[in-house]
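Under the numbering used here, think of the first position of the sequence shown as 3, with each following residue one higher. Even for Gly, the Cβ is constructed at its ideal location relative to N, Cα and C. Single-structure report; data block below.
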Amino acid sequence: MPLLFMLFGYLIIYIIGAPVINFASSAVQLILLNDAPSFDTKTNDLFSTTDQAAKEKAVNEAGKIASSEMVYPVSGDQFGQVVIEKVGINEPLFYGDSEEILSLGSGQYIGSMIPGDLGTTLIGGHNRPSFGQIYYLEQGDQIVINTHYGDYTYQVTEKKVSTKSDPVINERLGDKSKRSLILYTCYPLDAIGWADDRVFVFADYVSGPIIDESI
């Protein structure tokens, strides 16, 4: 009888402990991944479903898009593409920067302005397989952000490695005096799992339709 009670006790411990053990095992695997994890995420593709003629029609003679006619992306939408020919980057651009989204491509921080709006656009991506190449950008290099409503060109002004909580980023996000872009990725480029440092690339707006909030 004591043996039966002991076996019964072990069974109870296993039933209670198994979910915790499985969760811990999954968490360790996630942290140790070399590449971005893959999730089953459903997204709305605004970019591929909008043709060039529709994009051009939305822009008036002054090179502006009426805010009232804009189809704004929502979290999870693919609304563009990040293209940097110099370093071989061609990444789909999604609205939002959750782990699920970053497993699919680059993602824009929702608290930043979309290209064309006055302010700073903040876009991040996993250092593997390709977004880490932003580390090799230099002052004067061009970055192209193609969206479902217009195509934008930016010119690199600065690159730096800093902590992920660098206060300069929040300062730039609060700056509504000009249109600008920040790209970022984890550093070092061969980091496995989570890293505290980031590569930040700062760029100024060169061309692309302006979103006019007054119309």
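Express the C-alpha separation of residue j and residue i in angstroms, rounding to a whole number.
i           : j           : result
residue 107 : residue 149 : 14 angstroms
residue 86  : residue 72  : 26 angstroms
residue 81  : residue 197 : 28 angstroms
residue 118 : residue 210 : 7 angstroms
residue 68  : residue 193 : 43 angstroms
residue 63  : residue 206 : 23 angstroms
residue 216 : residue 61  : 14 angstroms
residue 104 : residue 136 : 16 angstroms
residue 48  : residue 74  : 9 angstroms
residue 97  : residue 185 : 14 angstroms
Could you pull out every residue in the same chain whose Cβ sits closer than 6 angstroms to the Cβ of residue i, ignoring the five residues on either side in sequence?
i           : result
residue 143 : 88 and 158
residue 99  : 109, 111 and 126
residue 101 : none
Is any heavy atom in the ligand GTP found nearer than 8 angstroms to the beta carbon of residue i?
i           : result
residue 205 : Although the ligand GTP was asked about, the structure shown includes no ligands whatsoever.
Under 9 angstroms, do residue i and residue j count as touching if we go by C-beta distance?
i           : j           : result
residue 84  : residue 46  : no
residue 165 : residue 128 : no
residue 161 : residue 140 : yes
residue 134 : residue 191 : yes
residue 138 : residue 52  : no
Nearest by alpha-carbon distance to residue i: which of the options is it?
i           : options               : result
residue 183 : 190, 110 and 192      : 110
residue 116 : 212, 172 and 90       : 212
residue 95  : 153, 217, 189 and 161 : 153
residue 79  : 91, 50 and 92         : 50
residue 92  : 189, 190, 146 and 70  : 146
residue 122 : 156, 54, 151 and 189  : 156
residue 176 : 48, 54, 70 and 124    : 124
residue 130 : 167, 54 and 189       : 189
Excluding the 5 residues flanking residue i on each side, which residues of the same chain have their C-beta closer than 7 angstroms to its C-beta?
i           : result
residue 66  : 211, 212 and 214
residue 120 : 178 and 181
residue 90  : 132 and 135
residue 208 : 155, 156 and 157
residue 54  : none
residue 27  : Confidence in residue 27 is poor, its pLDDT being 35 and thus under 50, which makes the residue's placement too unreliable to answer from.
residue 167 : none
TODO: Report yes or no: do the segment 198 to 210 and the segment 157 to 177 share at least 3 C-beta pairs separated by less than 8 angstroms?
DONE: yes
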